[in-house]
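Converting from the sequence shown to our numbering requires adding 818 to each position, the first position being numbered 1.
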Amino acid sequence: MIRIGCVNPDTSHPLAFSQYLLEGNRARYVAVYNDSFRGEDQIEAFMRRRGLEKRCDTLEELAEMVDIGFIQDCNWDRHVEEALPFLERGKPVFIDKPLVGNLADCQKLEELAAGGAVILGSSSLRYAREIAELMAQPEEERGRVVSATGFIGVDEFNYG
């Protein structure tokens, strides 16, 4: 079982991802660290709803007890500093989009990755069932995909 540590569950993603993971037996959110805007009641509710074992007082404590860190807060300028305790321990990180908010942090991630750090950032669109079904069809049937654009209604707070 892969043990996931959640850093700052600011968006809807931690709740959605953790629900999806409960359907299998390969990975679980097991602990959380929060120093962002979520209140105690919200963090406790998240932990209760998803069966998390512990609320950690430091990023270092969280990094020690999990296999991977999920950086999921809204402050993109903190993503690198939040990832470092995991990376320094040789543990991978998933950084929820956007990865970072400035060029210097992007260059830092490139430097860390070049040194062997495992860093993932992605959009769930590439894993959508409909996309997988389309791409499973032979190219002769579906045609050559050159580009794709998707639109979705989003909230102004996270995406405005």
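Note that beta-carbon positions come from the ideal geometry of N, C-alpha and C, so glycine has one too.
With a 10 Å radius around its C-beta and 16 neighbouring C-beta atoms as the bar for buried, classify residue i as buried or exposed.
i, result
"R778", "The first residue shown for the chain is 819 and the last is 978, placing residue 778 beyond what the model contains."
"E900", "buried"
"C874", "buried"
"C892", "exposed"
"R868", "buried"
"P956", "exposed"
Could you check how far apart the C-beta atoms of residue i and residue j are, in whole angstroms? I think they sit under 8 Å.
i, j, result
"S830", "Y847", "Not confirmed; about 14 Å, so no contact."
"L930", "I937", "6 Å"
"P827", "F864", "6 Å"
"L870", "P903", "Contact doesn't hold; Cβ gap of about 18 Å is too wide."
Tell me, please, which residues DSSP counts as bridged to residue i.
i, result
"C824", "V850, F888"
"I937", "V911"
"A845", "I820"
Inset, instruction - Please list the segments of the beta strand (DSSP E) lying wholly inside the segment 873-919, counting only runs of 3 or more residues, in order along the chain. - result: For secondary structure counted as the beta strand (DSSP E) over 3 or more consecutive residues, the segment 873-919 holds these complete runs in sequence order: 886-889, 911-913.
Inset, instruction - Say whether the segment 914-932 touches the segment 946-966, bearing in mind that this needs 3 or more beta-carbon pairs closer than 8 Å, one atom from each stretch. - result: These segments do not touch.
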